[in-house]
Amino acid sequence: MSETVIQNHEPNYLEYKGKYKGIFAWIFSTDHKRIGLLYLYSMLVFFSVAAILGLLMKLELIAPGKTIMGAQTYNSFFTLHGITMIFLIVVPGLPAVFGNFFLPIMIGAKDVAFPKLNLVSWWIYIIGAFIALSAQFMGDGAPDTGWTFYAPYSFKTGTNMLPAVLGAFILGFSSIVTGINFIVTMHRMRAPGMNWMKMPLFPWALYGTSWIQVLATPIVGVTLLMVVLERTLQIGFFDPALGGDPILYQHLFWIYSHPAVYIMILPAMGVISEIIPTFARKTIFGYTAIVVSTLAIAFVGYFVWGHHMFTSGMSGVALYTFSILTFLVAIPSAIKIFNWVATLHKASIDLQTPFLWALCFLFVFMIGGLSGMVLGALSANVHLHDTAFVVAHFHYIVFGGTGYAFFGALHYWYPKMFGRMYDKSWANIGLAMFFTGFNTLYLPMFYLGMTGMPRRYYDYVDKFHGPNIISSLGAILMIVGLIVIITNLVRSARYGAPAVKDPWKGKTLEWTVASPPSLENFDEIPTVTDHPYKYE
Amino acid sequence: MNNHAHIDEHRDDEGAKTGMWIFIFTELLLFGGLFIVYSVYRYLNPMAFHLAAEELDVVVGTVNTVILLVSSMTIAMAITSIQLKNKKLTLILMGVTILLAIIFMVNKYFEWTGKISHGIFPGSEILHQSSQGEILFFGLYYAMTGLHALHIVIGVGFIAYVMWLVKTDDVKHDDYVILENSALYWHLVDLIWIFLFPLFYLIT
Numbered sequence: 001m002s003e004t005v006i007q008n009h010e011p012n013y014l015e016y017k018g019k020y021k022g023i024f025a026w027i028f029s030t031d032h033k034r035i036g037l038l039y040l041y042s043m044l045v046f047f048s049v050a051a052i053l054g055l056l057m058k059l060e061l062i063a064p065g066k067t068i069m070g071a072q073t074y075n076s077f078f079t080l081h082g083i084t085m086i087f088l089i090v091v092p093g094l095p096a097v098f099g100n101f102f103l104p105i106m107i108g109a110k111d112v113a114f115p116k117l118n119l120v121s122w123w124i125y126i127i128g129a130f131i132a133l134s135a136q137f138m139g140d141g142a143p144d145t146g147w148t149f150y151a152p153y154s155f156k157t158g159t160n161m162l163p164a165v166l167g168a169f170i171l172g173f174s175s176i177v178t179g180i181n182f183i184v185t186m187h188r189m190r191a192p193g194m195n196w197m198k199m200p201l202f203p204w205a206l207y208g209t210s211w212i213q214v215l216a217t218p219i220v221g222v223t224l225l226m227v228v229l230e231r232t233l234q235i236g237f238f239d240p241a242l243g244g245d246p247i248l249y250q251h252l253f254w255i256y257s258h259p260a261v262y263i264m265i266l267p268a269m270g271v272i273s274e275i276i277p278t279f280a281r282k283t284i285f286g287y288t289a290i291v292v293s294t295l296a297i298a299f300v301g302y303f304v305w306g307h308h309m310f311t312s313g314m315s316g317v318a319l320y321t322f323s324i325l326t327f328l329v330a331i332p333s334a335i336k337i338f339n340w341v342a343t344l345h346k347a348s349i350d351l352q353t354p355f356l357w358a359l360c361f362l363f364v365f366m367i368g369g370l371s372g373m374v375l376g377a378l379s380a381n382v383h384l385h386d387t388a389f390v391v392a393h394f395h396y397i398v399f400g401g402t403g404y405a406f407f408g409a410l411h412y413w414y415p416k417m418f419g420r421m422y423d424k425s426w427a428n429i430g431l432a433m434f435f436t437g438f439n440t441l442y443l444p445m446f447y448l449g450m451t452g453m454p455r456r457y458y459d460y461v462d463k464f465h466g467p468n469i470i471s472s473l474g475a476i477l478m479i480v481g482l483i484v485i486i487t488n489l490v491r492s493a494r495y496g497a498p499a500v501k502d503p504w505k506g507k508t509l510e511w512t513v514a515s516p517p518s519l520e521n522f523d524e525i526p527t528v529t530d531h532p533y534k535y536e
Numbered sequence: 001m002n003n004h005a006h007i008d009e010h011r012d013d014e015g016a017k018t019g020m021w022i023f024i025f026t027e028l029l030l031f032g033g034l035f036i037v038y039s040v041y042r043y044l045n046p047m048a049f050h051l052a053a054e055e056l057d058v059v060v061g062t063v064n065t066v067i068l069l070v071s072s073m074t075i076a077m078a079i080t081s082i083q084l085k086n087k088k089l090t091l092i093l094m095g096v097t098i099l100l101a102i103i104f105m106v107n108k109y110f111e112w113t114g115k116i117s118h119g120i121f122p123g124s125e126i127l128h129q130s131s132q133g134e135i136l137f138f139g140l141y142y143a144m145t146g147l148h149a150l151h152i153v154i155g156v157g158f159i160a161y162v163m164w165l166v167k168t169d170d171v172k173h174d175d176y177v178i179l180e181n182s183a184l185y186w187h188l189v190d191l192i193w194i195f196l197f198p199l200f201y202l203i204t
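Each protein sequence line maps, in turn, to chains V and P.
Just so you know, the first sequence maps onto residues 1 to 536 in full-length UniProt numbering.
Just so you know, the second sequence maps onto residues 1 to 204 in full-length UniProt numbering.
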C-alpha cells in the first residue's frame, strides 16, 4: 500500500508534516510519541513550579520563626506542592511520558489501541491541571488541606477547595483512560511471536500499573465527588454533626491512594529493569520472578491502606492486620532488588549516565523502603506519625523512586526520543549535585522526625535548627543540580551529536528502529522469537 | 471516525469492546464507593433508614425500573437490526431508547421536585430537624440517584451521537462496534439502577 512508497526518506515523527501546522501539529496529533512529549513538556513546567514551591518551603524552614512567609501561605504552598507533585507529576508521570512513547514500540506496535482517546486523555489532563491550579488564584484563598483533602477540614475550610478537588477528580479520568488504553494495547497489539513471557519488563510494569489505575482511581473519584457534594449541599457523608464519619473518608481515600503509591513506583521499577540489563550486558536475572512480583505488588497494594490510619482509631485487630499486610508488600519489592543486584553480579558494566541513575535509585529506594518498614510497624508508627520522618520516608520513595527512575528513563531513552546525544559530563555533574543535594535535604528529616518535629509546620523550636539548616542547604544544591540536568537536556536536543540506532547496545525492540523513530515506528511489524534480554 | 491521521486505519472491534468492558468496571467501582458508604450508614442507622425509605414512592420507582429494562431491550434490538442491514428500524429502536430515557428523567424530575417541595433536600431545615440516619439516607438518595441520572444524560448524548453515525452510514452492518459499546454503556446504567431500586425503594 501507500506506506511502502518512499522507504528511504520516511520522515521521523518529529519532522512529519500532518494536516496541522505549528503547535497544532502537536496538540492535535494522535501519534503516541508526540503525545508522550506533550506530557513531558507540560510536566516539566508543572514540576518546575512545584519544585520552586518546595524550595521556598525549605527556605522558610531554614530558621525558626517567620522567615519568608506566614503560616497561611505556607499551608497553601505545601498543598499546591503536594497536589501538583502527586496528581500532575508522579502518578501520571512515567506511564504518560515513557509509557506512551515506548510501550507501542517495545511490543512492536504502530500505535496504542485507541490513538484518539490517547490525545483526549492529554487534553483531560491539561484541563484538570488548570482547574486544580486555578484554585490558587480565585475565590477566598488558596486551598490549605494538604493534597489528601482530609475531611472534615476539606469541607469546613473557607478556602477555595472546590476547584482543587474537582481538578483532582478530572485528572483521575485521564489516568483511567490511559490505563484502559494500555491494557487493551498490550492484550491486542503485541507483535507476532511476543507472548506474555517474552514481553519486556517495562511494559509488564505498565500492565500492572494500568490495572491499578483502572480499578482504584474510581474510588478516589467518587470520594472526591462526595467532598464536593458535602461542601456544596451539606449532605453529611463525612460530617459528624449530620451523622457522617470523617474516618470513612480516610478509608475511602486510602483505598485508592495507597494503591496509587504503586502506580507511582511500579513503572519506576520497570524502567530500572530495562536499564540494568542493558548496561550490565547481561540477561536480567529472574525475569519470571520480576513479572510475578510486579503483579504481586499490584495485588497486595490494595490491602494495606489502613497503615495510614494507625493513629486514627481503628480496632486492634485491624491495626495488626494492616501492619502485617504492610510488611508483606515489602517482599515482592525486595525480590526485585535482589534480582537487579544478581544481574549486576559478575557483569561487565558500562558506567553510562542512565546506569548511574539506576544505581542512585537503588540506594535511595532502599532507604525509602527500610524507613517504610519502620512506619509499617505499629509501635514505631504511633511515635513517628505526622512527623518529618514521614515526609523524609515518602520523599525517598516517591521522589527518590519515581523521580530518579524518571530522570534515569529520560537519560536512557533520550537518544531515541530526540535523535541526539546529551553531554555526558554535564549529565554526570548534574546527577552528582542532585544526588548529594537530595540526601542532604531528606536524611536530616529522619532525625528531625525521630526527635519530634511535626510535618506541615512552618515554624519550630530552636532545638530543631541545626538539621533544618543542613536540610535547606541540601534543597538549594538539589535545585541547582536539577537546573544543570535540565539545561543539558534542553540544550542537547538542538546541539547534541546525532544518535545512532542503538547507542547503549540494548536488546529490546525500541533499539531496532531509527532514532528518532519514523511516524509508524516500524516499516514492517517485527516477528519476535527470543526473550527480550538476550545477551550471550 | 473520519479523521485519518494515519495511513492505514487500525481497526480492532474486539479491542474496542475490551476497552469498553474495562471502562464499565471502573464505573461499577465508582458506584461501589457509594454502595460502601450506603452499607456502612445503613448498618449504623437501621431504624432511620427503614423509616426514611417508606417516604419514597415505590410505584414511581417500579415504573422507572420497567422503563429502563425496556430501553435496554430496545437498544439490544437495535444491534440485531443493524446486523440485518435494516437502517431505518435501527434508528427507530435507538430513538425509542432515548425517548424512554427521557420519560425516566421526567419521572425523576417529578419525584425530586415532590420531595423538595416537602422540604426534603440536603441542607434543608426540615431534614436537619430529623434524625441523623434520615439525613444520611436522603443525602445518599440524592447523591446516588443524581449520579445515576447524570449517567442517563451522558448515555442519551452517546446514543444520539451513534444515531447520527448510523444516519451517515459511519455505522453499518459490518462495522457497528460503537453501537455495541453504546448499548453496553446503556446496560450498565440499567444495571446500576437495578441495584439502586431495591436499596432505596424496596427495603423498608
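Cβ atoms here follow ideal geometry from the backbone N, Cα and C, with glycine treated the same way.
Since the model is a prediction, treat every value here as computed from it, not as a measurement.
Using a cut-off of 8 Å between C-beta atoms, extract the partners of residue i located in chain V.
i: residue 209 of chain P; result: This structure cannot settle anything about residue 209 of chain P, because the visible part of chain P is limited to 1 through 204.
i: P:Pro122; result: Leu229, Leu233, Gln234, Ile235, Gly236
i: P:Ala53; result: Those do not exist, as P:Ala53 stays about 16 Å from chain V at its closest Cβ, beyond 8 Å.
Just to confirm, are residue i and residue j a CB contact at a threshold of 8 Å?
i: V:Met138; j: V:Asn160; result: yes
i: P:Leu196; j: P:His148; result: yes
i: V:Phe87; j: V:Ala51; result: no
i: V:Lys108; j: V:Arg190; result: In the sequence on display, residue 108 of chain V carries Gly and not Lys. The answer is yes: Cβ separation under 8 Å.
i: V:Val90; j: V:Met264; result: yes
i: V:Gly244; j: V:Phe253; result: no
i: V:Pro143; j: V:Ala135; result: yes
i: V:Gly419; j: V:His393; result: no
So, helix, strand or coil for residue i, using DSSP?
i: V:Ser315; result: coil
i: V:Asp239; result: coil
i: V:Lys156; result: helix
i: P:Thr62; result: helix
i: V:Ile6; result: With a pLDDT of only 41 at V:Ile6, under 50, the local geometry of the prediction cannot be trusted, and the value read off the model is given with reservation. Here V:Ile6 sits in coil by DSSP.
i: V:Asn12; result: strand
i: V:Asp462; result: helix
i: V:Asp144; result: coil
i: P:Asp190; result: helix
i: V:Arg420; result: strand
i: V:Pro332; result: helix
i: P:Asp175; result: strand
i: V:Pro95; result: helix
i: V:Thr67; result: coil
Compare the C-beta of residue i with all C-beta atoms of chain P and state if any pair is closer than 8 Å.
i: V:Gln7; result: Note that V:Gln7 scores a pLDDT of 44, beneath 50, so its modelled location is shaky; the value from the coordinates is reported in the next line. Not closer than 8 Å to any Cβ of chain P, the Cβ of V:Gln7 fails to qualify, so no.
i: V:Val222; result: yes
i: V:Asp523; result: no
i: V:Ala475; result: no
i: residue 542 of chain V; result: With chain V represented from 1 up to 536, any question about residue 542 of chain V goes unanswered, as that position is not in the structure.
i: V:Arg190; result: no
i: V:His258; result: no
i: V:His308; result: no
i: V:His187; result: yes
Who are the neighbours of residue i on chain V, taking C-beta pairs under 7 Å?
i: P:Phe23; result: Ile180
i: P:Val135; result: In the sequence under discussion, the amino acid at residue 135 of chain P is Ile, which differs from the Val named in the question. Within chain V, the residues near P:Ile135 are Gly236, Leu242, Gly243.
i: P:Leu29; result: Leu215, Pro218, Ile219
Which residues in chain P have a C-beta closer than 9 Å to the C-beta of residue i? List them in chain order.
i: V:Ala113; result: His10, Asp12, Gly15, Ala16, Thr18, Gly19
In the DSSP assignment, find the alpha helix (DSSP H) that holds residue i and state where it starts and stops.
i: P:Ser117; result: 87-117
i: V:Glu274; result: 246-280
i: V:Ile126; result: 115-134
i: V:Glu520; result: Note, V:Glu520: premise wrong, no alpha helix (DSSP H); not H, not E.
i: V:Arg455; result: Counting along the chain, V:Arg455 falls outside any alpha helix (DSSP H), and DSSP gives it neither H nor E.
i: V:Thr79; result: 71-83
i: V:Gln213; result: 201-233
So residue i contacts chain V; which residues on that side make the cut at Cβ distance below 9 Å?
i: P:Asn45; result: Gly243
i: P:Gly95; result: In chain order: nothing, as chain V lies at least about 27 Å away.
i: P:Ala143; result: Leu225, Met226, Leu229, Leu233, Ile235, Phe237
Distance cutoff 8 Å, beta carbons only. Does residue i sit that close to anything in chain V?
i: P:Gly33; result: yes
i: P:Asn2; result: Interpretation of P:Asn2 is limited by its pLDDT of 40, a score under 50 that renders its predicted location unreliable; no figure is taken from the coordinates.
i: P:Ala5; result: Any reading at P:Ala5 must be qualified, since the residue scores a pLDDT of 43, below 50, and its modelled position is unreliable; no value is offered.
Please list, in chain order, the chain P residues whose beta carbon lies closer than 7 Å to that of residue i.
i: V:Ile176; result: Thr26
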